[in-house]
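Contents: one structure, followed by commentary.
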Amino acid sequence: MARHLWEGGTTTLPEDRSVSPPKGGRYYLNVVTKGLSATHPLPDEGEVTIGRADTNTIQIHDRSLSRQHAVLRIAKDGGMTIEDLGSSNGTTVRERAVEHGKPVAIVPGEVVDLGSTMVIVQTRSQLARPRRLWAHDTFEARIEDECARAEQGGKPFALLRLHCLGPPMGGDAQIAQQVLFERLRPADVVGIYAPGELEALLVDTDAEAAVEIAAKVRTIAAAGGAKIELAVACWPRDGRNPDALFSHAQSSLSPASPRSESGQVVIVDPAMQRLYKLLERVAAGTISVLILGETGAGKEVLAERLHRLSPRATKPFLGLSCAALTESLLESELFGHEKGAFTGAIAAKPGLLESAEGGTIFLDEVGEMPLSTQAKLLRVIETRQVLRVGGLKPRAIDVRFVAATNRDLEAEVASSGFRRDLYFRLNGISIVIPPLRERQAEIVALAQLFLERAAAQSGRKPIPRLAPESLALLQSYAWPGNIRELKNVIERALLLCLGARILPEHLPLEKIRASIASVEDVQRPMPLQAAPVRAELEALERRRILDALTACAGNQTKAAKMLGMSRRTFLHRLDTYGVARPRKGTLS
Numbered sequence: 330m331a332r333h334l335w336e337g338g339t340t341t342l343p344e345d346r347s348v349s350p351p352k353g354g355r356y357y358l359n360v361v362t363k364g365l366s367a368t369h370p371l372p373d374e375g376e377v378t379i380g381r382a383d384t385n386t387i388q389i390h391d392r393s394l395s396r397q398h399a400v401l402r403i404a405k406d407g408g409m410t411i412e413d414l415g416s417s418n419g420t421t422v423r424e425r426a427v428e429h430g431k432p433v434a435i436v437p438g439e440v441v442d443l444g445s446t447m448v449i450v451q452t453r454s455q456l457a458r459p460r461r462l463w464a465h466d467t468f469e470a471r472i473e474d475e476c477a478r479a480e481q482g483g484k485p486f487a488l489l490r491l492h493c494l495g496p497p498m499g500g501d502a503q504i505a506q507q508v509l510f511e512r513l514r515p516a517d518v519v520g521i522y523a524p525g526e527l528e529a530l531l532v533d534t535d536a537e538a539a540v541e542i543a544a545k546v547r548t549i550a551a552a553g554g555a556k557i558e559l560a561v562a563c564w565p566r567d568g569r570n571p572d573a574l575f576s577h578a579q580s581s582l583s584p585a586s587p588r589s590e591s592g593q594v595v596i597v598d599p600a601m602q603r604l605y606k607l608l609e610r611v612a613a614g615t616i617s618v619l620i621l622g623e624t625g626a627g628k629e630v631l632a633e634r635l636h637r638l639s640p641r642a643t644k645p646f647l648g649l650s651c652a653a654l655t656e657s658l659l660e661s662e663l664f665g666h667e668k669g670a671f672t673g674a675i676a677a678k679p680g681l682l683e684s685a686e687g688g689t690i691f692l693d694e695v696g697e698m699p700l701s702t703q704a705k706l707l708r709v710i711e712t713r714q715v716l717r718v719g720g721l722k723p724r725a726i727d728v729r730f731v732a733a734t735n736r737d738l739e740a741e742v743a744s745s746g747f748r749r750d751l752y753f754r755l756n757g758i759s760i761v762i763p764p765l766r767e768r769q770a771e772i773v774a775l776a777q778l779f780l781e782r783a784a785a786q787s788g789r790k791p792i793p794r795l796a797p798e799s800l801a802l803l804q805s806y807a808w809p810g811n812i813r814e815l816k817n818v819i820e821r822a823l824l825l826c827l828g829a830r831i832l833p834e835h836l837p838l839e840k841i842r843a844s845i846a847s848v849e850d851v852q853r854p855m856p857l858q859a860a861p862v863r864a865e866l867e868a869l870e871r872r873r874i875l876d877a878l879t880a881c882a883g884n885q886t887k888a889a890k891m892l893g894m895s896r897r898t899f900l901h902r903l904d905t906y907g908v909a910r911p912r913k914g915t916l917s
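Each residue of the sequence shown is one higher than the one before, counting from 330 in the numbering used here.
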């Protein structure tokens, strides 16, 4: 089954875009583009061309595809290859670009990226019936409707929660989802609660029938090798309102499931899906990783996730904030010290690098590390040996380094604020986390997750629901503090809320509304007669940018911060106004 069904929030599989499979056909092509999925039958053998032009066997209306993009060949024995036809945006298999004119073997179920479109060859047994997947808030509203209908004399119904214990994008998730879909009726409704977790509404189903369906899904999934958990909540046995039913289903899942772990993450936005896909591949190696992103964007969560996905998962994961310690304490924490190395060193102490043997060291805010410590850390990375403060004999270590910063390290290197050689050592591969304002699809899921955690910690039952108008406000806010700010807002709202729903009055309305108004002012189209005013504003903004660059000696990151812009927006403004990107220290 296509992996995007586990990663997206409101992915729809429209019935009118899905082709009914022909009798006897072995294969189908699942095409996923722009949030939609279409299923196309494939021949048992032969060639199938794919592209934007109507002359192709399969035409895909996506501008990222070339007119003649790729050709899929199916041999009589079932072997398959994909060949790029000289496309502009390329064809990718197993994270590697397919060279023009050189076919690459693929197997059913394997993902092939054609530009920004994803295609998957599936067999009849892999293909599940096209079905709409509802976002959690929409699904919850449907449960509320079912409760009202049942109270007025309607038939009972059941809520089923399926949780995959393996990776949310792995084979277990695909098997579990397929088995669930095969056991549901057309009238049943399926939603995405979180990555790797589905929820289903079994209409007109009593408790006995619901338990039987859950047992069959569990048995068949286990026979296929999938590790899952299932929970069933039945109306009216387990509750007569949505809150009671959802709480019962959640409490029935194992507390050791990944949803209750501190490192649980939400992966809904397409950019984050690609990022975590890359993370899974990077985790398997030993290369150093540099995580870049704004304050509060989730760099530490990403680092922990990388550690848990790596072969070092059973070994220590130790984090150290380079900005929270003085230079002497930082050295002592990293490298350890011998007895008498400095005042107060009454006994020898191993450093983090030694105590994390076999595990992962996370250096948060590594851009704040003093130059003298940078030199010593560089030597450790190169030699894989650590010398304690006051020691004479180095000790061998085996650790993986993951560093994170919200600074522009390239700019710091240019200004001699960060060692170039250390930067290249730490930056074996860099991962950039988009700010929350660029991941709006995840705001609701994150808010729900933080609400559940806060309610569990405070013992609050039932868990209040976020009102639709509150969700609208959360999605409209720019979140300059990113995920950390969202978490604080939700925890505060839970404390202020005494009822069953979190309303706008429980949110920091003045700050949110001011932010929304500011964005609307920027985005509001200007009338034609206001062109001279626009020119004046652009000239004023250009002048402010030049003044900021002068005040910051050409440091673009600091100038952007001074103006309250992101660095990306600032660079875009430079290009828009024809301002050459200066090197620091060149302006006067």
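Virtual Cβ for every residue (Gly too), placed ideally from N, Cα, C.
Residue i lies in the beta strand (DSSP E); which residues open and close that run?
i, result
"ASP442", "440–443"
"GLU730", "It is worth fixing the name first, because residue 730 is Phe in this sequence and not Glu. Segment 729–734, the beta strand (DSSP E) holding PHE730."
"LEU646", "The amino acid at residue 646 is misidentified as Leu; the sequence shows Phe. First-last of the beta strand (DSSP E) with PHE646: 646–650."
"GLN275", "An answer regarding residue 275 cannot be provided, because it is not within the stretch 330 to 917 covered by the chain."
"LEU780", "It is not in any beta strand (DSSP E) - LEU780 instead sits in the alpha helix (DSSP H) that spans 772–787."
Taking Cβ to Cβ, would you say residue i is nearer than 8 Å to residue j?
i, j, result
"HIS492", "ILE557", "yes"
"ASN756", "GLY625", "no"
"ARG873", "TYR906", "no"
"ILE620", "LEU631", "yes"
"SER799", "LEU738", "no"
"PHE468", "VAL532", "no"
"LEU823", "ALA784", "yes"
"GLY665", "ARG610", "no"
"ARG471", "VAL518", "yes"
"LEU527", "ILE521", "yes"
"ILE317", "ALA404", "In the structure as shown, the chain starts at 330 and stops at 917, and residue 317 therefore has no counterpart that could be examined."
"ASN359", "GLN451", "yes"
"LEU371", "GLN397", "no"
"VAL936", "THR734", "In the structure as shown, the chain starts at 330 and stops at 917, and residue 936 therefore has no counterpart that could be examined."
"ALA560", "ALA544", "no"
Pull up the CB-CB distance for residue i and residue j, whole angstroms please, since I reckon it's below 8 Å.
i, j, result
"ARG402", "GLU424", "Actually they are not in contact, since the Cβ atoms of ARG402 and GLU424 sit about 22 Å apart, beyond 8 Å."
"ILE760", "LEU638", "That belief does not hold up - the Cβ atoms of ILE760 and LEU638 are roughly 13 Å apart, past 8 Å."
"ALA774", "VAL597", "5 Å"
"ALA888", "LEU878", "5 Å"
"LEU707", "ARG748", "6 Å"
"ILE762", "GLN804", "Rounded, the Cβ-Cβ distance is 19 Å, inconsistent with contact."
"LEU681", "VAL709", "So it is not a contact: roughly 11 Å between Cβ atoms."
Can you tell me the Cα-Cα spacing of residue i and residue j, whole angstroms?
i, j, result
"ILE389", "PRO437", "20 Å"
"ARG641", "ILE726", "14 Å"
"ILE449", "SER393", "17 Å"
"GLU938", "ILE616", "This structure leaves residue 938 out entirely; the chain is present only between 330 and 917."
"ASP567", "GLU814", "35 Å"
"ASP572", "LEU488", "12 Å"
"GLN769", "GLU660", "40 Å"
"ALA516", "ALA829", "29 Å"
"GLU781", "LYS816", "11 Å"
"GLY444", "ALA434", "19 Å"
"GLY687", "GLY614", "13 Å"
"SER650", "GLY746", "18 Å"
"GLU374", "TYR356", "10 Å"
"ASP904", "THR384", "40 Å"
"GLU537", "SER576", "20 Å"
"VAL546", "THR534", "16 Å"
"SER583", "ARG490", "The pLDDT assigned to SER583 is 45, lower than 50, so where the model puts this residue is not dependable, and the model offers no usable value."
"THR672", "ALA704", "23 Å"
"GLY893", "LYS431", "49 Å"
Which first and last residues belong to the alpha helix (DSSP H) in which residue i is found?
i, result
"SER701", "700–712"
"HIS492", "Here HIS492 belongs to no alpha helix (DSSP H); instead the beta strand (DSSP E) covers 486–493."
"PHE664", "656–664"
"LEU635", "628–638"
"GLU814", "811–825"
"ARG402", "From DSSP, ARG402 is part of no alpha helix (DSSP H) but of the beta strand (DSSP E) over 399–403."
"SER759", "Run containing SER759: none in the alpha helix (DSSP H); it sits in the beta strand (DSSP E), 758–761."
"ALA600", "599–612"
Check whether the Cβ of residue i lies closer than 8 Å to any Cβ atom in chain D.
i, result
"LEU755", "As a matter of chain content, chain D is missing from the structure shown, which is built from one protein chain."
For residue i, is the beta carbon positioned less than 7 Å from some heavy atom of the ligand MG?
i, result
"LEU401", "The ligand MG is not among the ligands present in this structure, which contains no ligands whatsoever."
Taking the DSSP output, what are the residues bridged to residue i?
i, result
"HIS369", "LEU358"
"TRP564", "PHE486"
"ALA479", "ALA479 is not bridged to any residue."
"PHE691", "GLY648 and VAL731"
"GLY719", "The partner list for GLY719 (beta bridge, DSSP) is empty, contrary to what the question assumes."
"LEU795", "ILE831"
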